[in-house]
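The structure appears below as C-alpha cells.
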Amino acid sequence: MKKISLKLYITAALGALVLTSCGRDYLDVNENPNSAYLDQLSPKELLPGAETQTYRTQAGLVNRFGNVMMNAWAGNNYYYAGPFQQEYAMIANSTFYNGIWDGYYAGAGYYDNIIKTPNAVTNYPKHVAIARIMKAFYMQTIVDLYNDVPYSDAFKRQSNPTPKYDKGKDIYKDLVSELDKAITALGTTGGTTVAATEDPINGGDLTKWTQFARTIKLRILVRLSKCTDPDMVALRNQLKTSLASTATTSYITSDITINPGYASGNADQQNPLYRNFGRVDINSGQVNSTYRLIVASKHIIDNMRGLAPRTSGLVDARTSRIFINNGLAQAGLADYTVVGFKGIEQGSNKDLNFLEGDFATLGPKMFYLSTANGSVQNGIIMSLAEAKLLQAEAALTYPEFTAALGDGQARFNEAITDNFTFLGAANSAAYIANANTKVNIGWTGTNDNKLAAIQYQRWIALTNINPVETYIGYTKTGYPVTPMPIGANYPDRPKRLMYPQSEYIANSANVPNPQISEMYSATSQYAPFWLK
C-alpha cells in the first residue's frame, strides 16, 4: 500500500474477500469477483473467507518478522548476498514490515464488516460473536506493535478514508467489551447456527470459541501487568474479577487451528505457512527459494543443543523437529563438512571454513515435507502451549489466580509437554527435570527468574509458528536475553513499529509523527502504553 489510504485499502481487500467467500471452494482465486457484491453477502458467507485471508498474513510476514526479530532465523549468506539486511540493521522506519499493517487491518476490516452486516446481531449472533473474537485477536496485535492506531473510524471504507487515531489503551478497553459480548452471545440460544463448513477455525464448535475468547482476555490481562495508568489499572482489576476463578479447562484445551480445505492443487490452495516457507515450490517442483533463504540462527541452536552458557549440557529434543541438520545438503542442493546442528550468527560474514550444507534449516514439523503433506496441514492460530504459558504467567503475576491455576508451575510444565507433543519430540519429562537445574530455563532453577523461564520456553514453543508473541513479551520484559545482530544500527530491538508510509501520504492530518529514535524508547509518548 503506497498511495492509498488505510480505508481504501480495506475496501479493496474486502472486495478481494469475495473471492474467498463465494462458491463451494473459497480458496479458488480464479472465481469471478463480480459474481457477488460484498454488501449482498451474509455473515455465514463472509466468515470463512475472513478467517482464511487473515491467517495468510499471520503465517507469512508476521511470522517472518517475529522469527528474525527474536534471533531464531538467520539468512543463508552462502547463497544469497546480504540476506535480512534490513532486519539486522533494525532501522524501524516507515517501510519496515509495513505489510503487517496492511494485512492485519484488512483482516480486522473483514471481521468488522461481518459485525456490521444489517440485522446480523439478531439473525447471525454466533457468526458475529466469532467475528468479534477474531477482530479482537488481531487488533490487539496491531495495538501491541503500533500503540495508538485508527479504530473507532477505521472501518468505514469510502465514507471516511482518513480516520482519526485512537489511544491504544482505549482500544484495549473496547476489545474486552467485544470479547464479553461474544461470550454472552455464544452462551445464548437463537439465531442461525454456525456450520462446520462456515468456520475453518473451530468447525462451528461454540465451546471452543468461548474458550478462545477467554484466552484472549487472559492475554490482554497478562499484557497489562506493568501498567500504572488509572484506566488500565481499572481494566486490569475488571479482568482479574472476570477471570481469577476460571479453571484451566475454561481456556483453550487444544491448539486453535485453521484448515478451510488446504490442498496441493496450486499455490493459493496451500497452507500459507508451507507456501511461504516450506521446502518445495509448487510451481517449479524445486526447493522453495524462501526455504533456502532461511537457516537456523547460531543463537537458537546453541541454546537448544546445550552449547550456550545458560543451557550448558541441556540438549533439547525439540531441535530436530523445529530444524533439520544439514538441511540443504539433505535436500540435494549443497555439500557439507559438518554433521549435526549448526546455525549462522545473525549479521555475520560468510565463514569460508564451512559450506552451505553445514547449516540447519526449517525442520520436519511443518516445513521439510513433501508438497502433498505440507500443503494440506493445519495452520496454527494459537497453540495450546502458548495458552498454557499465558496461564503460568497469570498465576505468577496475579495471586488471585493461584486458587484456579496453582502457582504456575503445573501450567508451565504442561506447556512444555504440549509443545513436545505438538512437535513430535520425545522425553519431555526428562527435559523438564534437567531444565529445572538451569537458571531461568526451568521453573525451579536455583535463584531463577520464573518470568524469564516462561519467556524462554515461549521463545522455543512459538518459533516458526507465532513468534510475534515472544517478541511482544520481550518488549515488555526484556526476556529471553537475546544478542543483537552484528552490525545493527541500534543497541536494542524496536519497542514498536513505525506507522507505514501510506499513512503519511494519505492520512497525514491524523497520523502521529514520531522520530525513528522513539521506536526504541520505553518511555517515549509513542511507546506501547502497557510499558508505563
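Under this note's numbering, think of the first position of the sequence shown as 133, with each following residue one higher. Cβ atoms here follow ideal geometry from the backbone N, Cα and C, with glycine treated the same way.
Of all alpha-carbon atoms in T655, R628, A641 and S653, the one lying nearest the alpha-carbon of M201 is that of R628. Contact between the region 319 to 328 and the region 379 to 387 is not established, with fewer than three Cβ pairs separated by less than 8 Å. Across the set W205, A286, I432 and I232, the C-alpha of A286 shows the shortest separation from the C-alpha of N639. Between A395 and the set F486, T655 and S507, the nearest pair of CA atoms involves S507.
For K340 and I247, the gap between their C-alpha atoms comes out near 20 Å. By the CB criterion at 8 Å, I414 and K474 fall outside the cutoff.
Counting along the chain, M202 sits inside no beta strand (DSSP E), nor does DSSP assign it H or E at all. Secondary structure within the region 174 to 224: the beta strand (DSSP E) runs of 3 or more consecutive residues, fully enclosed, are 205 to 207 (chain order). In the structure shown, I390 adopts extended strand secondary structure according to DSSP, grouped into three states. Of the other Cβ atoms in all chains shown, 16 or more fall within 10 Å of the Cβ of S515; this residue is therefore buried.
Taking the Cα of D490 as reference, the smallest distance to any Cα among G472, Q509 and T503 is reached at G472.
A Cβ-Cβ contact shorter than 8 Å links Y211 with E488. V571 counts as exposed, since fewer than 16 other beta carbons sit within 10 angstroms of its beta carbon.
DSSP, reduced to helix, strand and coil, places F287 outside both helices and strands of the structure shown, so it counts as coil. DSSP places M266 outside any beta strand (DSSP E); the residue lies instead in the alpha helix (DSSP H), whose first and last residues are P257 to Y278. N408 sits buried, since 16 or more C-beta atoms from the chains shown fall within 10 Å of its C-beta. Taking each of P626, L460 and Q478 in turn and checking the Cα distance to V470, the smallest one comes out for L460. In the structure shown, I246 falls within a helical segment according to DSSP collapsed to helix, strand and coil.
The same chain holds no residue with a CB closer than 6 Å to that of N195 once the five nearest residues on each side in sequence are set aside. Inclusion of K267 and L338 in the CB contact set at 8 Å is not warranted, their separation being larger than that value. N199 is positioned such that its CB atom lies no closer than 8 Å to that of I390. In this structure T325 is not in contact with G335, their Cβ atoms being roughly 12 Å apart against a cut-off of 8 Å.
Looking at F344, G397 and M498, the one whose alpha-carbon comes closest to that of T378 is F344. Contact annotation: the region 608 to 619 touches the region 579 to 591, with at least three C-beta pairs closer than 8 Å. Here the alpha carbon of P496 sits roughly 30 Å from the alpha carbon of T607.
Looking only at A252, W575 and P293, the smallest Cα-Cα distance to Q172 is reached by A252. The DSSP assignment places 560 to 567 as complete runs of the alpha helix (DSSP H) inside the region 546 to 578, in order along the chain (cut-off: 4 residues).
The residues N195, L405, M498, I512 and S515, in chain order, have a CB closer than 8 Å to that of I597 in the same chain once the five nearest residues on each side in sequence are set aside. Here D234 is not near K301, since their CB atoms are 8 Å or more apart. When the alpha-carbon of T503 is set against those of L367, G397, T347 and V308, the nearest one is in G397. Between Y236 and A182, the C-beta gap is not smaller than 8 Å, which leaves the two residues out of contact. Of L528, E477, E330 and K288, the smallest CA-CA separation from N209 is found for E477.
Taking a C-beta distance under 8 Å as the contact criterion, I456 and Y500 qualify as a contact pair. The three-state secondary structure of D298, taken from DSSP, is strand.
S429 carries a strand assignment under DSSP once its states are collapsed to helix, strand and coil.
In this chain, the alpha helix (DSSP H) harbouring M364 covers P362 to L375.
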